[in-house]
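In terms of the numbering used here, the sequence shown has 11 at position 26, counting the first letter as 1, and numbering is strictly consecutive. Okay, structure first, notes after.
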Amino acid sequence: MSHAFFFLLVSAIWIEAARILRAAEEEGVLMQGLVFLAGPFICLYIFVASCMSCFQELDDA
């Protein structure tokens, strides 16, 4: 169940980021917005994935 909630949260963030990027493309600042949004999102994803794998290892022990 927690995986479903996590993927729902990620998809909501992804949809919002896509909406912002479309608006940025119309304004001509797409690359700056892409770097600004994608960098923290990738770091957050790596952090959450590593935490989930740590908790999974604790459950297996």
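Ideal placement from N, C-alpha and C gives every residue a C-beta, glycine not left out. On a predicted model such as this, the values are computed, not experimentally measured, just so you know.
Hey, residue i and residue j are a contact pair by Cβ (cut 8 Å); roughly how many whole angstroms apart?
i          : j         : result
residue 22 : residue 2 : 5 Å
residue -6 : residue 6 : In fact, because the Cβ distance is near 19 Å, the residues do not count as touching under 8 Å.
Using a C-beta cutoff of 8 Å, does residue i count as contacting chain C?
i          : result
residue 32 : Protein chains in the displayed structure number just one, and chain C is not present.
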